[in-house]
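Just so it is clear: in the sequence shown, position 75 is 77 by our numbering, and no numbers are missing.
Ideal Cβ positions, reconstructed from N, Cα and C, are used throughout, including at glycine.
Given the structure is predicted, the values throughout are model-derived calculations rather than measurements.
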Amino acid sequence: HLRFGNGPSAEKEFRAAIRRGASDNEVTILLGRALLLQGKFKEVLRQVKDDSSDPKIRAQILMARARAHLGLRDLENAEKAFKEADSLDHSDVRAKVGLAQALVNRGKLKDAEALVDEALKTNADSLESLVLKGELRRLHGELEPAVTYFDKVLTLNGRNLPARLGRAASLIDLNRNDEAQADLKA
């Protein structure tokens, strides 16, 4: 359910697993992701506790909590949690991308782009990184490069809604409305 973005169904299944005795942090992290999909940010902060000593698990916990803070527009705590998650697990680019999103919200586009570029050096196929790179190009008025980034995301995952919407917006700004219409229909 998580892979297809079905937060309510995923939440239901993870809560059922917890009722049946699943109590490890990984299930709680997955529940947190399901809650994030639904915009239940305060509930993520209540449910996903920062209580693991395992660095990889703790990084996942911190990222879920950071996303919740980001959703609540608590940028200071979001940035702090993303930085700590990144320090615990450099191989997972999602912390860098999350921090970049927080920086975009602060209007620090140059700093955000540097983090996205760093994330793409680590994982050139990171969908989140590519979508944010496309959005940053679009915000800078570089519409053709933006379309290229969104195209790459959609080649990797044709169901990626942010990439479809970003590409559609870029195509509309380029007066390529027929192409944009296909994305909007999809």
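Close-in-space but distant-in-sequence residues of the same chain around residue i (CB under 7 Å, 5 per side omitted)
i: Asp-127; result: Leu-158
i: Asn-79; result: His-71
i: Ala-121; result: Val-95, Lys-98, Val-99, Ser-128, Ser-131
i: Lys-58; result: Asp-91
i: Arg-139; result: Pro-147, Ala-148, Tyr-151
i: Arg-35; result: Leu-4, Ala-66
Limits of the alpha helix (DSSP H) - the one that residue i falls within
i: Ala-24; result: It is not in any alpha helix (DSSP H) - Ala-24 carries neither H nor E in the DSSP assignment.
i: Phe-6; result: Careful: Phe-6 lies outside any alpha helix (DSSP H) and carries neither H nor E.
i: Ala-66; result: 57–73
i: Asn-79; result: 77–90
i: Arg-166; result: 163–175
i: Arg-48; result: 43–49
Beta-carbon contacts of residue i that lie in its chain and below 8 Å, excluding the five residues immediately before and after
i: His-92; result: Thr-124
i: Lys-51; result: Thr-30, Ile-63
i: Gln-103; result: Leu-72, Ala-114, Leu-134
Rounded Cβ spacing between residue i and residue j (contact assumed at less than 8 Å)
i: Leu-64; j: Ala-83; result: 5 Å
i: Leu-101; j: Lys-85; result: 6 Å
i: Ala-68; j: Ala-87; result: 6 Å
i: Pro-164; j: Val-118; result: Not a contact, Cβ separation roughly 14 Å.
i: Asp-180; j: Ala-170; result: With 8 Å as the limit, Asp-180 and Ala-170 do not qualify as a contact, their Cβ atoms being about 11 Å apart.
i: Leu-38; j: Ala-66; result: 7 Å
Assigned exposure category for residue i - 16 Cβ within 10 Å defines buried
i: Leu-90; result: buried
i: Phe-16; result: buried
i: Leu-47; result: buried
i: Ala-18; result: exposed
i: Glu-81; result: buried
i: Arg-166; result: buried
i: Gly-168; result: buried
Same chain, Cβ closer than 6 Å to residue i, five either side skipped, listed in chain order
i: Ala-61; result: Ala-87, Leu-90, Asp-91
i: Leu-173; result: Glu-181, Ala-182
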